[in-house]
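Participant: The structure is given below, and queries will be raised subsequently.
Put into structure tokens, the structure is as follows:
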């Protein structure tokens, strides 16, 4: 079983539900729905053991699907943020294999020899199919 303190070593930045809502420009209720729909996963952590998700799951809107390279807006700080599209499907694959949410986060942020990087970095680079093939090989 993955210990949350182990995740502290792997995940550099986290978002609480209110922070997720703020970054996405939505309400906390809608941020909670994103979690319930398993578009992202998170764990209880921190001083107050609040539910948090890795910040890397959220990207500028023009990077929502890195496989379709869209030009960056002139001023990216003014742009919208969204959940990286490939996270949800990868979460579904790993959930089907019986991974807990903490184990999913651990796998996504741990270096993988077959990928030459972490699965999360590979997803951010648009290598969704390759990441899913490596995930399916876990069986």
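Numbering (UniProt numbering), first residue to last: 1 to 139. Every residue, glycine too, gets a C-beta built ideally from N, C-alpha and C.
Near residue 136, what residues of its chain come up, given a Cβ to Cβ distance below 7 Å and the 5 sequence neighbours on each side ignored?
Facilitator: Here residue 136 corresponds to residue number 136 of the chain shown, with the count starting at 1. Only 93 meet the Cβ criterion.
Participant: Compute every distance between the C-beta of residue 136 and the non-hydrogen atoms of the ligand ADP, then say whether any falls below 7 Å.
Facilitator: The model on display carries no ligand, and the ligand ADP is accordingly not part of it.
Participant: Note down, one range per segment and in chain order, each alpha helix (DSSP H) of at least 4 residues found wholly within the UniProt domain "Rv2175c C-terminal" (86 to 138).
Facilitator: 101 to 109, 119 to 124, 128 to 136, all fully within the UniProt domain "Rv2175c C-terminal" (86 to 138).
Participant: In angstroms, rounded to a whole number, what distance separates the CA positions of residue 88 and residue 80?
Facilitator: If you number the chain shown from 1, residue 88 lands on position 88. If you number the chain shown from 1, residue 80 lands on position 80. Cα to Cα, the separation comes out at about 19 Å.
Participant: Would a C-beta distance cut-off of 8 Å place residue 41 and residue 112 closer than the cut-off?
Facilitator: On the chain shown, position 41 is the one that residue 41 refers to. On the chain shown, position 112 is the one that residue 112 refers to. Taking 8 Å as the Cβ cut-off, residue 41 and residue 112 do not qualify as a contacting pair.
Participant: Bridge partners of residue 62, per DSSP?
Facilitator: Along the chain shown, read from residue 1 onward, the residue named residue 62 stands at position 62. BP columns for residue 62 are empty, so no partner.
Participant: In the DSSP assignment, the beta strand (DSSP E) including residue 45 goes from what residue to what residue?
Facilitator: One-based indexing of the chain shown puts residue 45 at position 45. It spans 43 to 45 - the beta strand (DSSP E) in which residue 45 sits, taken as one unbroken run.
Participant: Nearest to residue 13 by CA position, among 43, 37, 56, is which residue?
Facilitator: In the chain shown, the residue the question calls residue 13 occupies position 13. Minimum Cα distance to residue 13 is reached at 56.
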